[in-house]
Amino acid sequence: MKEIKDALKSKKLVIGTRVVMKGLKKGSLETVLFASNCPENIRKDLNHYADISKIKVNEFKGDSLKLGEICGKPFTILMVGVKK
């Protein structure tokens, strides 16, 4: 949780599945966090691209609503990434 808040303050947090996947493909992220209720097909894609790019992937211990709350957004967030 601290990592998310620090990344938010330093403007290094990218929010959303599409943006995170694009960052993974480019190799511009250092860490990815995904919500515990992330669908299996998206999780497989995430792990595949993370393995190729050698990027750490961690599961957030809450659902997408809680992840959105921590990011200060009034909507659900499935995954976030921290830029290098």
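Under this note's numbering, the first residue of the sequence shown is numbered 4, with each subsequent residue one higher.
Glycine residues also receive a C-beta, built at the ideal position from the N, C-alpha and C atoms.
Beta-carbon proximity of residue i to residue j, cut-off 7 Å
| i | j | result |
| --- | --- | --- |
| lysine 59 | threonine 34 | yes |
| isoleucine 73 | isoleucine 18 | no |
| glycine 84 | leucine 11 | no |
Beta-carbon proximity list for residue i, same chain, < 7 Å, skipping 5 on both sides
| i | result |
| --- | --- |
| leucine 68 | Thr79 |
| asparagine 50 | Val60 |
| aspartate 66 | Ala38, Ser39 and Asn40 |
Contacts around residue i, its chain only, beta-carbon distance under 6 Å, and the 5 residues preceding and following it disregarded
| i | result |
| --- | --- |
| methionine 24 | none |
Environment of residue i [buried if 16+ CB atoms lie within 10 Å]
| i | result |
| --- | --- |
| methionine 82 | buried |
| glycine 30 | exposed |
Inter-stretch contact at 8 Å, needing at least 3 Cβ pairs: the stretch 73–80 / the stretch 41–58: When Cβ pairs closer than 8 Å are counted between the two stretches, the stretch 73–80 is seen not to touch the stretch 41–58, the count staying below three.
Entirely within the stretch 29–85 and at least 3 residues each: give me those beta strand (DSSP E) ranges in chain order. If we require 3 residues or more, the beta strand (DSSP E) runs fully inside the stretch 29–85 come out as 32–37 and 59–62.
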